[in-house]
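Numbering (mature numbering (1 follows the signal peptide of the UniProt record, and there is no 0)), first residue to last: -25 to -1, 1 to 142.
Now the structure itself:
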């Protein structure tokens, strides 16, 4: 009987010393998502704290790509997003894969969708980073369904949406 009580006491002591599992759960993403219209700048913060002012200037639909290796869009059209990133603090990361097209049905597409990698539109938004006081501008072509987007989303390096533009 004493052994059983001792075992129960040890189990209870161990359980209370560990605390609840919720105390140790990972914190949810703190990325802020601001919504604006095309052409309006949004202040954004990357996952490492660098800041920038990002603007989706235009989104145009193209029935075919450019250049010798361009394939026809598999999903309906190429949506060519003209984007500008101005560094305001630190060195803000840029990558065409951080831009996503959200279709009217809510499905999102990025540069990996369909034949976008062969589209050939230029100048493409560079992969790299934009130091404070400098800017980068380029296009991102995404193979999407025909029609206007519901929104264009910018994500940080972790995939969290940090800015959204709507037509």
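Here a beta-carbon is modelled for each residue, glycine too, at the ideal position from N, C-alpha and C.
Residue i: CB within 7 Å of a non-hydrogen atom of the ligand COA
{"i": "residue 35", "result": "Because no ligand of any kind appears in the structure shown, any question about the ligand COA cannot be addressed here."}
Contacts around residue i, its chain only, beta-carbon distance under 6 Å, and the 5 residues preceding and following it disregarded
{"i": "residue 112", "result": "59"}
{"i": "residue 42", "result": "95"}
{"i": "residue 116", "result": "53, 55, 91, 94, 96"}
{"i": "residue 132", "result": "22, 68"}
Cβ-Cβ separation, residue j to residue i (assumed contact under 8 Å), whole Å
{"i": "residue 119", "j": "residue 73", "result": "16 Å between Cβ atoms; not a contact."}
{"i": "residue 101", "j": "residue 69", "result": "6 Å"}
{"i": "residue 81", "j": "residue 39", "result": "About 27 Å; that fails the 8 Å criterion."}
{"i": "residue 127", "j": "residue 19", "result": "The pair is not a contact, with the Cβ atoms about 13 Å apart (cut-off 8 Å)."}
{"i": "residue 79", "j": "residue 122", "result": "6 Å"}
Residues that residue i bridges to, as DSSP identifies them
{"i": "residue 74", "result": "129"}
{"i": "residue 60", "result": "29, 111"}
{"i": "residue 67", "result": "105"}
{"i": "residue 91", "result": "In DSSP, residue 91 forms no bridge with anything."}
{"i": "residue 116", "result": "55"}
{"i": "residue 99", "result": "114"}
{"i": "residue 36", "result": "54"}
Boundaries of the beta strand (DSSP E) in which residue i is found, first to last residue
{"i": "residue 106", "result": "103 to 106"}
{"i": "residue 141", "result": "136 to 141"}
{"i": "residue 17", "result": "17 to 20"}
{"i": "residue 11", "result": "9 to 12"}
Beta-carbon proximity list for residue i, same chain, < 8 Å, skipping 5 on both sides
{"i": "residue 3", "result": "The pLDDT assigned to residue 3 is 39, lower than 50, so where the model puts this residue is not dependable; a value taken from the coordinates is nonetheless given after this. Closer than 8 Å at Cβ, skipping near neighbours: no residue."}
{"i": "residue 110", "result": "59, 60, 61, 62"}
Same chain only: Cβ atoms within 7 Å of residue i, ignoring 5 sequence neighbours per side
{"i": "residue 67", "result": "21, 25, 26, 27, 60, 104, 105"}
{"i": "residue 63", "result": "26, 27, 28, 107"}
{"i": "residue 8", "result": "136, 137, 138, 139"}
Between the region 43 to 60 and the region 86 to 101, do three or more beta carbon pairs fall short of 8 Å?
The region 43 to 60, when compared against the region 86 to 101, does touch it at the 8 Å Cβ threshold.
Check whether the region 42 to 49 and the region 94 to 104 touch, using three or more Cβ-Cβ pairs below 8 Å as the test.
yes
Between the region 8 to 16 and the region 132 to 142, do at least 3 Cβ pairs fall closer than 8 Å?
yes
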